[in-house]
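> Pasting a structure below so you can have a look.
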Amino acid sequence: MSCDSFPPPRGPVVVIGAGTMGHGIAHVSAAAGFETRLFDVDAGARAHGLALVEANLDRGVELGKVEPAARNAALELLSETGDLAEAAAGAELVIEAVPEDLDLKRRVLAEFAAHVGPEAILGSNTSSLSITRIGEGVPGPERLVGLHFFNPVHIMSLVEVVRGDRTAERVVERARTFVESLDKEPIVVNDSPGFASSRLGVAIGLEAIRMLESGVASAHDIDRAMELGYRHPMGPLRLTDLVGLDVRLRIARYLHAELGERFRPPGLLERMVEEGKLGRKTGQGFYSW
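Per this note's numbering, the sequence shown starts with residue 72, numbered consecutively.
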């Protein structure tokens, strides 16, 4: 069946969570011409999220990558609210971008599922949790699909579209065409721990931490090996700092439980998280920020 049979959602898009990923998803949605509502129960988080979107758009204008008119149009299409019913009204696509907690994701998606129409798509921005398991707690799991964006969302082109065991094929295709409408590149993967990107990225990142722990080389030189030898735009240790060591540890523990010993978190990672060295957000990780 042709992709034209599955047009992307054109009605309002709701993004749940105004944090790092949430405000980024809201940014690209509004920039692509969708009416976009950024929902968060924390008014301060909403205000901060909108401010970051505006700052990133302004930076795009300064660099000549965004036209001033496009910047203004995107901001006109973007709003924030802490009222669930207001956010959900008429929505055709809801994307949660809350922390990687299975119960939390189930709860927020179930709440929105009760307020949107039966044809509305429910998306999860999880980077590693099972879409199938998230769907077990959500009414209409056939309309739940993974939409794994990458940070920073307005720059990174990849989005993983994750097909859960009960996800309807029409939902996968509509999600894929939505991603394309954002001028991003979708890949479709079946539900598996870590999907494609997190599984590969975490495997490299954990091995880099083990190498540092055992004294193979410095963090800088391990990173340069991947940047220069394999043309990675950023080394795995610097990337871990940007993602957050606590986030990387949480995903590693999940993959260890699901896939076995090769994903056991290194002791160094455990210790650094215990010490509060979480990367860029705390000013100290494998690098000083």
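Ideal placement from N, C-alpha and C gives every residue a C-beta, glycine not left out.
Got a sec? Which residues, its chain only, sit under 7 angstroms from H303 by beta carbon, not counting five neighbours each side?
Within the sequence shown, numbered from 1, the residue matching residue 303 stands at position 232. The residues are M297.
> Just to confirm my understanding: we take R324, look at its own chain, exclude 5 residues before and 5 after, and list those with CB closer than 7 angstroms. What are they?
For the purposes of this step, residue 324 is identified with residue 253 of the sequence shown, where counting begins at 1. Once the five neighbours on either side are set aside, the close Cβ partners of R324 are P336.
> Kindly indicate which three-state DSSP category E244 falls into: helix, strand or coil?
Position 173 of the sequence shown, counted from the start, is the residue given in the question as residue 244. DSSP places E244 in helix when its eight states are reduced to three.
> Using CA atoms only, rank isn't needed, just tell me which of L349, L308, E240 is closest to V318.
Within the sequence shown, numbered from 1, the residue matching residue 318 stands at position 247. Here the closest residue by C-alpha is L349.
> Quick test of the definition: if touching needs 3 or more C-beta pairs under 8 angstroms, does the region 137-146 touch the region 280-293?
Not touching, per the Cβ criterion.
> Using a threshold of 8 angstroms, state whether the C-beta atoms of A162 and G82 are closer than that.
In the sequence shown, residue 162 corresponds to position 91, counting from 1. In the sequence shown, residue 82 corresponds to position 11, counting from 1. In this structure, G82 lies closer than 8 angstroms to A162 by Cβ.
> When you compare the CB positions of R245 and I192, do they come within less than 8 angstroms of one another, or not?
As a working note, residue 245 is residue 174 in the sequence shown. As a working note, residue 192 is residue 121 in the sequence shown. Yes, these two residues count as a Cβ contact at 8 angstroms.
> What's the gap between the Cα of Y358 and the Cα of R234?
Taking the first residue of the sequence shown as 1, we reach residue 358 at position 287. Taking the first residue of the sequence shown as 1, we reach residue 234 at position 163. So the two alpha carbons sit approximately 36 angstroms from each other.
> What distance in whole Å lies between the Cβ atoms of A159 and H186, which are believed to be in contact at a cut-off of 8 angstroms?
The residue you call residue 186 lines up with position 115 of the sequence shown. The residue you call residue 159 lines up with position 88 of the sequence shown. Contact holds; Cβ gap of about 4 angstroms.
> Using C-beta distances below 7 angstroms, list every residue in its chain close to A114, excluding the 5 sequence neighbours before and after it, in chain order.
Taking the first residue of the sequence shown as position 1, residue 114 is located at position 43. Taken in chain order, the residues that qualify are G153.
> Would you kindly report the start and end of the unbroken alpha helix (DSSP H) that includes N127?
Residue mapping note: residue 127 aligns to position 56 of the sequence shown, counting from 1. Element bounds for N127: 114-133.
> Where are the alpha helix (DSSP H) runs, 4 residues long or more, that stay fully inside the region 288-344, in chain order?
The qualifying runs are 290-300, 307-314, 316-330.
> Please report the residue range of the alpha helix (DSSP H) in which E66 lies.
No statement about residue 66 is possible, as the shown extent of the chain runs from 72 to 360 and does not include it.
> What is the residue span of the beta strand (DSSP E) that H219 lies within?
For the purposes of this step, residue 219 is identified with residue 148 of the sequence shown, where counting begins at 1. 215-219 is the span of the beta strand (DSSP E), which, as asked, contains H219.
> Among residues of its own chain, excluding the 5 on either side of L180, which ones have a beta-carbon nearer than 6 angstroms to its beta-carbon?
For the purposes of this step, residue 180 is identified with residue 109 of the sequence shown, where counting begins at 1. Closer than 6 angstroms at the Cβ level, and outside the excluded window around L180, lie E167, L193, V209.
> T197 by DSSP, collapsed to three states: which one?
The residue labelled residue 197 in the question sits at position 126 within the sequence shown. In the structure shown, T197 sits in coil (DSSP, three-state: anything other than H, G, I, E or B).
> Give a yes or no on whether the C-beta atoms belonging to H119 and A97 are separated by under 8 angstroms.
In the sequence shown, the residue the question calls residue 119 occupies position 48. In the sequence shown, the residue the question calls residue 97 occupies position 26. No. Outside cutoff.
> Assign G93 to buried or exposed, taking buried as 16 or more other Cβ atoms, counted over all protein chains shown, within 10 Å of its Cβ.
What you label residue 93 is simply residue 22 of the sequence shown in a count that begins at 1. Buried, because 16 or more other Cβ atoms sit within 10 Å of the Cβ of G93.
> When the distance is taken between beta carbons, is S228 closer than 8 angstroms to E251?
What you label residue 251 is simply residue 180 of the sequence shown in a count that begins at 1. What you label residue 228 is simply residue 157 of the sequence shown in a count that begins at 1. No, the pair does not count as a contact, with Cβ atoms beyond the cut-off.
> Please classify D111: is it buried, with 16 or more other beta-carbons within 10 angstroms of its beta-carbon, or exposed?
Taking the first residue of the sequence shown as 1, we reach residue 111 at position 40. D111 is buried by the Cβ-count criterion.
> With C-beta atoms as the reference, is S198 less than 8 angstroms away from S269?
Residue 198 sits at position 127 when you count from the first residue of the sequence shown. Residue 269 sits at position 198 when you count from the first residue of the sequence shown. Contact flag set, yes.
> Thinking C-alpha only, which one of R117, E151, V132 is nearest V84?
Here residue 84 refers to the residue found at position 13 of the sequence shown. The residue with the shortest Cα to Cα distance from V84 is E151.
> Around the Cβ of A101, are there at least 16 other Cβ atoms within 10 angstroms (buried) or fewer (exposed)?
The residue labelled residue 101 in the question sits at position 30 within the sequence shown. Its Cβ being crowded by 16 or more others within 10 Å, A101 is buried.
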